[in-house]
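Structure record follows, encoded as structure tokens.
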Amino acid sequence: MTIREIQEEILQLKKERDFCILAHSYQSAAITEIADFTGDSYALSVKAKDAKQQNILMCGVRFMAETVKILSPEKNVYLSSPDAGCPMAEQMDREMIRRIKQKNPDYTIVAYINTTAALKTICDVCVTSSSAVKIVSQLSNDKILFIPDCNLGAYVQKQLPDKKIKLLDGGCPVHAAVTAKQVKAAKAAHPDALLLVHPECRPAVSDAADYVGSTSGILQYAMQSEAREFIIGTEMSIAETLKNACPDKRFYPLSKTLICQDMKATTLMDVYHCLRDGEGTEIELDRATIAQARLCIDRMITLGG
Ligand code: 13P
Ligand code: SF4
Numbered sequence: 481m482t483i484r485e486i487q488e489e490i491l492q493l494k495k496e497r498d499f500c501i502l503a504h505s506y507q508s509a510a511i512t513e514i515a516d517f518t519g520d521s522y523a524l525s526v527k528a529k530d531a532k533q534q535n536i537l538m539c540g541v542r543f544m545a546e547t548v549k550i551l552s553p554e555k556n557v558y559l560s561s562p563d564a565g566c567p568m569a570e571q572m573d574r575e576m577i578r579r580i581k582q583k584n585p586d587y588t589i590v591a592y593i594n595t596t597a598a599l600k601t602i603c604d605v606c607v608t609s610s611s612a613v614k615i616v617s618q619l620s621n622d623k624i625l626f627i628p629d630c631n632l633g634a635y636v637q638k639q640l641p642d643k644k645i646k647l648l649d650g651g652c653p654v655h656a657a658v659t660a661k662q663v664k665a666a667k668a669a670h671p672d673a674l675l676l677v678h679p680e681c682r683p684a685v686s687d688a689a690d691y692v693g694s695t696s697g698i699l700q701y702a703m704q705s706e707a708r709e710f711i712i713g714t715e716m717s718i719a720e721t722l723k724n725a726c727p728d729k730r731f732y733p734l735s736k737t738l739i740c741q742d743m744k745a746t747t748l749m750d751v752y753h754c755l756r757d758g759e760g761t762e763i764e765l766d767r768a769t770i771a772q773a774r775l776c777i778d779r780m781i782t783l784g785g
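Counting from 481, one number per residue, gives the positions in the sequence shown under my numbering.
This is how it looks when you write it as structure tokens:
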């Protein structure tokens with residue numbers, strides 16, 4: 481079968497089996513073309529809440545599918561590739577944070593959404609890359625423990641100097657691998673290009689950027705900008721999406737290593753087999769986890785909206 485034929489079958493199966501397909505912006509064009517909605521982590525969380533279908537298939541990584549299940553526990557939520565996790569989400573577990581929380585009882589625990597459902601149960605509020613500054617700025621407590629991403633946390637601290645943000649040593653292995661030296665080399669190679677980066681990059685990289693934002697933020701900025709050339713400091717797929725969307729502009733990946741294997745784990749065939757043969761992994765969370773984790777996700781949606 482050709483890609484087009486597989487896509488057509490998926491669209492048919494989606495209707496017959498009452499599926500909504502959500503895709504993160506890092507997914508391939510073959511997948512985003514058949515998705516009901518594509519967006520960044522924040523937009524996916526909000527959309528998931530409103531989906532009318534009984535079954536939801538998340539093309540992304542596990543924490544995204546868990547977020548959908550937490551917001552829609554009555555629905556069947558599937559992750560199309562069982563291997564798609566986010567390494568950052570596994571870096572800190574509930575026991576570790578519980579101990580730190582006990583030693584810092586006057587701190588509000590802010591969890592990046594890239595965390596497990598179990599860890600969310602003991603946090604006060606979730607944030608995403610597009611909503612973190614807005615949400616933290618509204619918290620009445622100035623003392624914040626921001627987990628797990630120290631780079632996003634440092635970015636929030638820079639925007640909100642009046643807050644006292646405690647950081648731990650977590651982060652995205654893909655974005656944190658980008659160096660200031662690579663920024664210098666990319667700027668030297670493309671002196672007229674604007675640098676757009678994700679806040680999961682290190683401060684030395686974000687500080688040199690013309691724009692820092694979420695995956696959707698970067699896409700929107702580049703599409704709307706009058707500029708003609710851009711260096712893209714996030715997963716390679718975003719530069720590819722932009723090349724297709726704006727053939728008259730030029731996009732250069734900041735580093736050749738900006739590849740997230742977990743986000744690449746989902747293929748169009750996985751989506752097809754999930755819908756046709758029920759091969760996806762169904763997300764199962766116990767009721768107590770859902771109820772507790774939901775508090776900090778609901779708070780994120782209230783403060784981030
Ligand atoms: P966004 O919320 O910007 O889509 O980020 C999710 C992510 O995992 C980036 O690496
Ligand atoms: Fe996780 Fe980084 Fe991959 Fe995003 S790019 S899913 S933060 S490992």
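Note that the Cβ used here is the ideal one computed from N, Cα and C, for glycine as well. Values in this document were obtained by computation on a predicted structure and should not be read as measured data.
When C-alpha distances from P679 are compared across D778, S696, A669, D672, the shortest belongs to S696. In this model, A656 and L640 are separated by some 22 Å (Cα to Cα). Between the beta-carbon of S717 and that of Y506 there is about 5 Å, and that keeps the pair under the 8 Å contact cut. Taking the C-beta atoms as reference points, M780 is found nearer than 8 Å to V607. Annotation: the continuous beta strand (DSSP E) that includes V607 extends over 605 to 607.
Taking the Cβ of C652 as the reference point, at least one heavy atom of ligand 2 falls within a distance shorter than 7 Å. Under the three-state reduction of DSSP output, P683 falls in the helix class. Between V557 and I763 a beta carbon distance of about 5 Å is seen, short of the 8 Å cut, so the two are scored as contacting. For A725 and S620, the gap between their C-alpha atoms comes out near 41 Å. The three-state reading of DSSP puts R730 in strand, counting E and B together.
Checking the DSSP bridge columns, you'll see C740 has no partner listed. In terms of CA proximity to G760, I536 leads the group F517, G519, I536.
When DSSP states are grouped into helix, strand and coil, L674 belongs to the strand group. Going by DSSP, I645 is part of the beta strand (DSSP E) stretching over 644 to 647.
According to the DSSP assignment, L619 belongs to no beta strand (DSSP E), since it is labelled neither H nor E.
In this structure, K729 sits away from E715, with a CB-CB distance that is not shorter than 8 Å. Between the C-alpha atoms of A515 and A531 there is a straight-line separation of about 13 Å. Taken atom to atom, the span from the alpha-carbon of H670 to that of T746 is near 32 Å. Distances between the C-beta of C630 and the heavy atoms of ligand 2 are all 7 Å or more.
Within the chosen limit of 7 Å, ligand 2 does not reach the beta carbon of E720 with any heavy atom. Each residue's CA atom was taken as its position, placing R682 and R497 some 43 Å apart. Less than 8 Å divides the Cβ of C603 from the Cβ of C776.
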